[in-house]
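Enquirer:
Numbering (the working numbering), first residue to last: 279 to 568.
1) Whose CA, out of 361, 450, 433 and 500, lies closest to the CA of residue 328?
2) Look at the alpha carbon of residue 394 and the alpha carbon of residue 492, and state the distance between them as a whole number of angstroms.
3) Label residue 518 either buried or exposed according to how many other C-beta atoms from any shown protein chain fall within 10 Å of its C-beta, with 16 as the threshold for buried.
4) Whole-angstrom Cβ separation of residue 417 and residue 319, contact assumed at under 8 Å?
5) According to DSSP, is residue 443 helix, strand or coil?
6) Give a yes or no on whether the C-beta atoms belonging to residue 472 and residue 542 are separated by under 8 Å.
7) Nearest to residue 316 by CA position, among 477, 301 and 336, is which residue?
8) Can the beta-carbon of residue 339 be found less than 8 Å from the beta-carbon of residue 288?
9) Helix, strand or coil for residue 453? Go by DSSP, reduced to three states.
10) Leaving out five residues on either side along the sequence, give the residues of the same chain with a beta carbon under 7 Å from the beta carbon of residue 366.
11) Looking at C-alpha atoms only, which residue of 489, 453, 555 and 464 is the closest neighbour of residue 540?
12) Please confirm whether residue 291 and residue 498 have their CB atoms less than 8 Å apart.
13) What are the complete alpha helix (DSSP H) segments, minimum 4 residues, inside the region 310-339?
14) Specify, as a first and last residue, the run of the alpha helix (DSSP H) that residue 409 falls within.
15) Kindly identify the DSSP beta-bridge partner or partners of residue 280.
Dropping the structure here:
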């Protein structure tokens with residue numbers, strides 16, 4: 279497991295501690311996912327979760343381990359401290375074998391298959407509360423970073439649903455529903471599949487394909503945009519942000535479904551040969567003034 283950059287407390291109902299966020303330190307769990315961790319935690323995998331209930335444990339994790347050690351030497355202190363460690367997953371953390379700091383009452387580690395939190399001082403009761411909640415089970419786990427909800431900060435979120443504020447739960451549910459509706463609307467256009475199929479066909483035929491992309495992300499239609507044609511006209515309730523592989527020949531930015539369909543036909547503003555951004559510098563020197 280990798281050391282978390284920091285551990286932040288989630289404030290809940292009646293100023294109770296509702297959980298923790300283990301902040302990332304630059305590794306790729308956000309890209310590779312935490313499916314194994316969720317299985318170890320007794321949480322059913324859901325492709326499009328809605329609300330905290332769909333991220334909650336259905337059974338007590340068999341891998342739960344919580345212990346308190348009385349005499350642990352911490353970095354930055356000459357004293358021995360009482361340290362509590364809670365962990366879920368196949369890996370194990372020993373407070374004597376890891377770098378714990380006296381100045382940080384909470385430390386965390388996590389990876390694709392497990393997590394661990396250590397606490398000393400005033401933070402021990404908070405970790406004890408989490409251990410007690412997990413045995414109910416009163417546990418939810420997910421990756422943060424989903425914009426629009428109160429847990430949108432990057433990191434591993436470990437929460438006790440019964441303590442999470444009602445308004446935060448409602449906000450999270452609304453955000454999930456809006457995201458899932460957008461995904462359904464985007465899928466219904468069929469444009470991503472068309473582009474992917476064209477890209478695969480050209481590559482399979484030995485041709486250089488201009489249709490590869492780093493990102494093709496859906497969003498609701500914009501009122502206007504910078505550097506691309508306005509006004510925006512579309513019959514769909516969705517647009518896509520295109521970040522193409524071919525940065526020399528294809529524009530990046532927000533495009534309508536119709537404009538992406540035109541791109542497949544060699545037309546439209548997605549192609550730089552058809553649309554040069556107004557702020558784009560000329561590729562040849564300007565003629566001298568007379």
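Positions of the beta carbon are idealized from the N, C-alpha and C atoms, including for glycine.
Expert: Looking at the atomic coordinates:
1) When only C-alpha atoms are compared, the closest one is 450.
2) Between residue 394 and residue 492, the C-alpha separation is close to 34 Å.
3) Counting the other CB atoms within 10 Å of its CB gives residue 518 a total of 16 or more, which places it among the buried residues.
4) With 8 Å as the limit, residue 417 and residue 319 qualify as a contact, their Cβ atoms being about 7 Å apart.
5) The three-state reading of DSSP puts residue 443 in coil, since its state is none of H, G, I, E or B.
6) In this structure, residue 472 lies near residue 542, with their beta-carbon atoms less than 8 Å apart.
7) The shortest Cα separation from residue 316 among 477, 301 and 336 belongs to 336.
8) Using a Cβ distance threshold of 8 Å, residue 339 and residue 288 do not count as a contacting pair.
9) Helix, per DSSP.
10) 318, 319, 339, 341, 342, 392 and 393.
11) When only C-alpha atoms are compared, the closest one is 489.
12) No, the Cβ-Cβ distance between residue 291 and residue 498 is not below 8 Å.
13) As far as the region 310-339 is concerned, its whole alpha helix (DSSP H) runs of at least 4 residues are 313-318.
14) Residues 402-412.
15) DSSP lists 388 as partners of residue 280.
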